[in-house]
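Residue numbers (our numbering), protein chains in the order written: chain F, 1 to 237; chain V, 1001 to 1237.
The beta-carbon is built from N, C-alpha and C at its ideal position, and this holds for glycine as well.
Here the structure comes first, spelled out in structure tokens, and everything after it is commentary.
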């Protein structure tokens, strides 16, 4: 398997790897002159490259012409969720959503939120690693937490949904989402959205949806929503 | 939220909790006489119950008449996968698949398997906890690892699929699975199935499918398959 590097500023030609990446290439992967690697710039481009100079602190890569990755799903998928109390669960979500495919992940603080701050740098690293692992040309955008009302006030493209657990909410996301559209899905905290918050989201244009009969944890609900939009799109291809 | 207990032998009447569960009820949840709890027997029945006698080692519950859970999805969903090298990843899959909904999880050892033995008791506990958490009346059956050839030789009901990464495999599981059918999906180890193994599965009646363009980790592929079958069924409801 060809090793993958993330170089956001990659352009054709030679590039000197950072100290950390040089060490990874030379000491961990034990790459030698001429060995091939794959570069993703996280913005849709791949480059094939060869190791040009072996150096444990400033290894040099020779990049070929970049080409558009064909790994994108063709619509914009945006998930917004309240961070879970347990960080492992949130990190897991970021990893899995990146693997399966998501364009943006936003975090918000709502009435029943159990966590209000996040180590975005750590989440970013997890997304980078999942992008490389799953051979993707795009890195999802991660947005730090904002108040719920600020999030729903922002304009969004396509269909907006709020996964809200209420007896009146009977339509499933799979049945309301229109294949091909951009989608933004809001997933509440462990204690769910308050009725007031749900009401304000509805006023802001979000459609209430169910994710099925099961009572899902926040991170499971969020991943279920991601995969649901992908399957709906797959079925109409 | 009403506390949930798993009592596989529950029948209407009084029941004495095990020492572990008594401790949980009395010391952790601090339940008092008359407090209501929900019982799942893991085989499709719920019971409402009240604490009848508070005792830290043998608390007594008074159960009402059992009733069928309406939480089942109406088709049998069976996932068979090669255990991942990293146990956390496998445990995560068991938790999430149970939450989202699965009837059986089988494990197999194949040519590129990185792990051949499993602590089934621990996986069982994770499934029980996820069943309670997601308010389910059924506990998925977990089967200990068997050789791949033994697994594919067993008769199965409904549609059988093998998620196999090969240029020739272009049909997506979502497009080949028929809503309403029972489904069994085979997910290979980190190093995928060998060509020989895939060939033997095809001969045994399994249909090769893709899970999309992304290169997914074993546990992500397995969860993606579970959610795919649920969405296909949801869309034809």
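Assuming residue i and residue j are in contact, meaning their beta carbons sit under 8 angstroms apart, how far apart are those beta carbons, in whole angstroms?
i: residue 1174 of chain V; j: residue 1236 of chain V; result: Actually they are not in contact, since the Cβ atoms of residue 1174 of chain V and residue 1236 of chain V sit about 12 angstroms apart, beyond 8 angstroms.
i: residue 1044 of chain V; j: residue 1138 of chain V; result: 5 angstroms
i: residue 1142 of chain V; j: residue 1120 of chain V; result: 6 angstroms
i: residue 1114 of chain V; j: residue 1189 of chain V; result: 6 angstroms
i: residue 62 of chain F; j: residue 49 of chain F; result: 6 angstroms
i: residue 223 of chain F; j: residue 93 of chain F; result: 6 angstroms
i: residue 77 of chain F; j: residue 102 of chain F; result: 5 angstroms
i: residue 1099 of chain V; j: residue 1130 of chain V; result: 5 angstroms
i: residue 959 of chain V; j: residue 1039 of chain V; result: This structure cannot speak to residue 959 of chain V, because chain V is shown only from 1001 to 1237.
Nearest-angstrom Cα distance between residue i and residue j?
i: residue 1149 of chain V; j: residue 1128 of chain V; result: 29 angstroms
i: residue 1060 of chain V; j: residue 1012 of chain V; result: 13 angstroms
i: residue 112 of chain F; j: residue 1132 of chain V; result: 22 angstroms
i: residue 1107 of chain V; j: residue 1145 of chain V; result: 4 angstroms
i: residue 1232 of chain V; j: residue 1075 of chain V; result: 12 angstroms
i: residue 70 of chain F; j: residue 1025 of chain V; result: 54 angstroms
i: residue 154 of chain F; j: residue 66 of chain F; result: 34 angstroms
i: residue 9 of chain F; j: residue 169 of chain F; result: 46 angstroms
i: residue 973 of chain V; j: residue 73 of chain F; result: One cannot answer for residue 973 of chain V here, as it falls past the ends of chain V, which runs 1001 to 1237.
i: residue 2 of chain F; j: residue 1047 of chain V; result: 55 angstroms
i: residue 1178 of chain V; j: residue 1022 of chain V; result: 45 angstroms
i: residue 1051 of chain V; j: residue 1005 of chain V; result: 12 angstroms
i: residue 64 of chain F; j: residue 53 of chain F; result: 16 angstroms
i: residue 1207 of chain V; j: residue 15 of chain F; result: 45 angstroms
i: residue 122 of chain F; j: residue 1037 of chain V; result: 40 angstroms
i: residue 1165 of chain V; j: residue 1034 of chain V; result: 56 angstroms
i: residue 83 of chain F; j: residue 1225 of chain V; result: 26 angstroms
i: residue 1221 of chain V; j: residue 1058 of chain V; result: 43 angstroms
i: residue 1087 of chain V; j: residue 1031 of chain V; result: 35 angstroms
i: residue 1017 of chain V; j: residue 1041 of chain V; result: 13 angstroms
i: residue 1196 of chain V; j: residue 1147 of chain V; result: 14 angstroms
i: residue 230 of chain F; j: residue 1219 of chain V; result: 18 angstroms
i: residue 191 of chain F; j: residue 19 of chain F; result: 44 angstroms
Tell me residue i's beta-bridge partners as DSSP assigns them.
i: residue 1100 of chain V; result: Residue 1100 of chain V is not bridged to any residue.
i: residue 116 of chain F; result: Residue 116 of chain F is not bridged to any residue.
i: residue 315 of chain F; result: The question about residue 315 of chain F has no answer, for chain F in this structure spans 1 to 237.
i: residue 1005 of chain V; result: V/1039
i: residue 1147 of chain V; result: V/1109
i: residue 1016 of chain V; result: V/1060
i: residue 142 of chain F; result: F/105
i: residue 1172 of chain V; result: V/1210
Please confirm whether residue i has its beta-carbon closer than 8 angstroms to some beta-carbon of chain C.
i: residue 1212 of chain V; result: Of the protein chains in the structure, F and V, none is chain C.
Could you tell me whether the stretch 1157-1174 of chain V touches the stretch 1184-1192 of chain V, using the rule of 3 or more Cβ pairs below 8 angstroms? yes
Any chance you could list the alpha helix (DSSP H) runs of at least 4 consecutive residues sitting entirely within the stretch 192-221 of chain F, in chain order? For the stretch 192-221 of chain F, whole alpha helix (DSSP H) runs of length 4 or above, ordered along the chain, are 195-203.
Tell me, please, whether the stretch 1021-1038 of chain V touches the stretch 198-214 of chain F by the rule of three or more beta-carbon pairs shorter than 8 angstroms. no
Ranges of the beta strand (DSSP E) found wholly within the stretch 34-84 of chain F, counting only runs of at least 3: 36-40, 45-53, 60-63, 77-81
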